[in-house]
Amino acid sequence: MSENPQKILYNSSNAIAGQTRTQPRALKDERLVRPSPRSVGRPGSGSAEGTTSALRPTGPLSPRSKKTKPAAQYDRFIPNRSAMDMASSQFNIARADSDIPLDGASIAYQEEVARACGVSINKRILKFKEEAPTSEKDDLRQVYSRPALKSSAPTGAKRRILNTPERVLDAPDLVDDYYLNLLDWSVGNALAIGLDQSVYLWNATTGDVSSLCQLESEAYIASVKWTADGTYLAIGTSSGEVQIWDAESQSKIRTMTGHQARVGVMSWERHILSSGCQDGSIWNHDVRIANHKTAELIAHSSEVCGLTWRSDGALLASGGNDNLVNIWDARSAVPKFTKAQHTAAVRALAWSPWQLNLLASGGGSYDRHVHFWNTTTTARLNSIDTGSQVTSIQWSNEYRELATSHGFPHNHLALWSYPSLTKIVDIPAHDTRVLHTAMSPDGQTIATAACDESLKFWRIFETRSKSGKGIKAFSSTATAALGAGVGTAAAIEGILDMSRPSHIR
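Here my numbering is used: the first residue of the sequence shown is 364, the next is one more, and so on.
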C-alpha cells in the first residue's frame, strides 16, 4: 500500500509490453482502458496485479464488460420488413424524387390527404427493429376496454335496465305483417296504434284510451304517423288512401288518393308527407295544397317498408322488399346513392340523433344484420350480426346506444353501445316476433307491439336527474305533476321546444 502509483503504472506497462512484444500487430487492435483514480491505491488492491486489471484489455469476464465493450461492427444493413410501413415508405420516396415545385398550400393539402389515408410523412424508410411505443399511439385501455354506458356519469354509477315491462296493454286484432307500421308515439304523449280497421289513441299522461277512427270498407290500417307537433295523425290504408286526422277534435281533415296499393309506411317533414307504397313507389304530398302530389320517387322494385326523413330535412332514407337502401336528396327525384348489402327486406331505418350523417339499417329473416352508413361519404362504417330478424331500430338521445327489436327466432329487444357495438343486454320481450316499436317523447321508454296481441312499455334509456336541466318523464307514473295547472301541450312545447306551426288545410 506504500508503493508509488506512478511506479506501479510503469511496471505494469512494462509487464504488458513484455507479454505482447512477440505480437506487435495485435497490440494495435487492442483497446487499453486507463486506470480509474479510484482503483489506484484502493485497499486490498495494492499489488501490481490489482492495478493491471484496470489496464488489461476488456473481455467477456471483465466486471465492466457491459460498459467498456466496444459496439459491434456489422458489414451490412438488413432491414426488418415486418417493422416497415411500406405504404408510407413508397409515399416518402415518391415525394422526395418529385421535381415538381409545390407551394405551401399544395404541400399542406398533400399532407392532409396522406394523414387521412393513414400514411406517415417524413418517416424512416428502412427499419432495423420495431419502434418502441410512444404516447402518440392509441391508448389500449380505451381501445380494448368496454366504454361506460354514459361518459358523463360519475365513476362507479351504473344504470339499471329492467328485463320486465313497466306496463302491459292489450292490443287485440293486431295484424301480423312485417311490412306494416302500426305504432307511433307523439310529442303530445299520445300513442297511436292501428288494430285491424281501427286506430286507437292511448294518452300516456292520463291513461285514457279513445277510438280515433274506424274504416267503413273492407280496407285495414296499414300505417300511422304523427306530425312533429303531435297535432295531426296520418293514416295509410290497404286501399291506397292517405288520411289526415286532427287528434284533438278527432275529425278527418282530408283524404289523399292516388296510390294503387296499400300504403305501409309514411314519414313527415314539416308540411311534406312521404308515403311508401306496395308497388315500390314513394310519393311526396304537400298537405297545404289541393294537388297534393309534388314528387314521385321510383327506385324500388318491390314494396317500400322503411321510410324516414333526416332531422334537417335534407335526406330521405327508404328501404324495400327488394333488399335495397336508397338515400334521396330532398331536391332530387333520383337516389343520391343505393346500398345493396342486405340480403332480405329492409324495414328498420333510423337516423342518429347526435350524428347527422349516421344511418342504421336492419334486414329481415335471411339477413339479420344491422349496417351503419356514413351518408356523406356513402361508406359502410360497421355491421352487427344480430342473429334474428331486425324489425326496428331506436337510437338513444341520452346515451351513445341503440336498441333493436327482433322477430324470428328470439323475439327480443337488444341494447348495443356505439361505436364499439358491444351488446349491453338482451331483453326477452314477447312470445312472438316484435313487430313495432315507438319511442316516448322524453326518450326514456320504448313501446313494443307484437302479434301476441300485447303492447308493452320498457324503461331502457332512463335519464339521470340533473339540477335545473333535463327532460321530464312522461310516463303515467311521473307526469301527474305536469298536468297540475299546466296543459300537456304547453308543458311539452316548453320542455322539448319542438313545436312547429301546422300547415295542414
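Ideal Cβ positions, reconstructed from N, Cα and C, are used throughout, including at glycine. All values derive from a computational prediction rather than experimental measurement.
Query	Result
Cβ pair HIS705, ASN684 closer than 8 Å	no
Secondary structure, beta strand (DSSP E): runs of 3+ residues fully inside the stretch 721-790	721-726, 732-737, 742-748, 753-758, 764-769 and 775-780
6 Å CB neighbourhood of ASP539 in its chain, flanking five on each side removed	CYS814
C-alpha distance - GLY557 paired with ASP547, whole-angstrom precision	9 Å
Cα-Cα separation between THR840 and ASP609, rounded to whole angstroms	Summary for THR840: the model assigns pLDDT 37, below 50, so the residue's position carries little reliability; its value from the coordinates is reported in the next sentence. Taking the straight line from one Cα to the other gives about 27 Å.
Straight-line Cα distance separating SER665 from CYS640	9 Å
Close-in-space but distant-in-sequence residues of the same chain around ALA801 (CB under 6 Å, 5 per side omitted)	LEU546, ASP547, TRP548 and ALA810
Whole-angstrom distance between LEU719 and GLN473, CA atom to CA atom	28 Å
Backbone secondary structure at GLN875 - three-state DSSP	Any property of residue 875 remains undetermined from this structure, which presents the chain solely from 364 to 868.
Contiguous beta strand (DSSP E) assignments of at least 3 residues, all confined to the stretch 580-634	584-589, 595-600, 605-609, 614-619 and 626-632
Segment limits, beta strand (DSSP E) that includes SER469	Careful: SER469 lies outside any beta strand (DSSP E), inside the alpha helix (DSSP H) at 467-479.
Of the residues SER803, TYR595, HIS793 and THR767, the one placed nearest GLU816, counting alpha carbons only	HIS793
Straight-line gap, LEU845 to GLN623 (C-alpha atoms, nearest Å)	Confidence at LEU845 is low in this model, with a pLDDT of 31, below 50, so the placement of that residue is unreliable and no value is reported for it.
ILE616 versus TYR595, VAL628 and ILE661, residue with shortest Cα-Cα distance	TYR595
CYS576 vs VAL587 beta-carbon contact at 8 Å	no
One or two residues paired with PHE824 in a DSSP bridge	DSSP, once it has assigned bridges, lists no residue as partnering PHE824.
Delimiting residues of the beta strand (DSSP E) encompassing SER674	Counting along the chain, SER674 falls outside any beta strand (DSSP E), and DSSP gives it neither H nor E.
SER644 versus ALA662: straight-line alpha-carbon distance, rounded	7 Å
C-beta atoms of TRP646 and GLU659 nearer than 8 Å	yes
Run of the beta strand (DSSP E) containing ASN544, from where it starts to where it stops	It is not in any beta strand (DSSP E) - ASN544 carries neither H nor E in the DSSP assignment.
Closest by C-alpha distance to GLY570, when choosing among ARG651, ALA553, LYS702 and ALA468	ALA553
Beta-carbon proximity of ALA555 to LEU564, cut-off 8 Å	yes
When HIS648, LEU722, ASP642 and GLN613 are compared against THR620, the one with the closest alpha-carbon	HIS648
PRO698, enclosing beta strand (DSSP E) - first and last residue	698-702
CB contact below 8 Å: VAL587 versus chain B	Protein chains in the displayed structure number just one, and chain B is not present.
Counted within 10 angstroms of its Cβ, other Cβ atoms place ASP748 as buried (16 or more) or exposed	exposed
Cβ-based burial, LYS702 [other Cβ within 10 Å; buried from 16]	buried
Where the beta strand (DSSP E) containing HIS799 begins and where it ends	797-802
Cβ separation of THR767 and ALA777, assumed to be a contact under 8 Å, to the nearest whole Å	5 Å
Candidates SER780, THR754 and TYR762, of which the one nearest HIS769 by Cα	THR754
C-beta atoms of ARG625 and ALA585 nearer than 8 Å	yes
Backbone CA spacing between HIS773 and GLY727 [nearest angstrom]	13 Å
Beta-ladder partner(s) of THR808, from DSSP	ARG822
Contacts around THR795, its chain only, beta-carbon distance under 7 Å, and the 5 residues preceding and following it disregarded	ASN774, ALA813, CYS814 and ASP815
Neighbourhood of GLN752 by C-beta distance below 7 Å, restricted to the same chain and skipping five residues each side	GLY727, SER728, ARG731, HIS769, GLY770, PHE771 and ARG796
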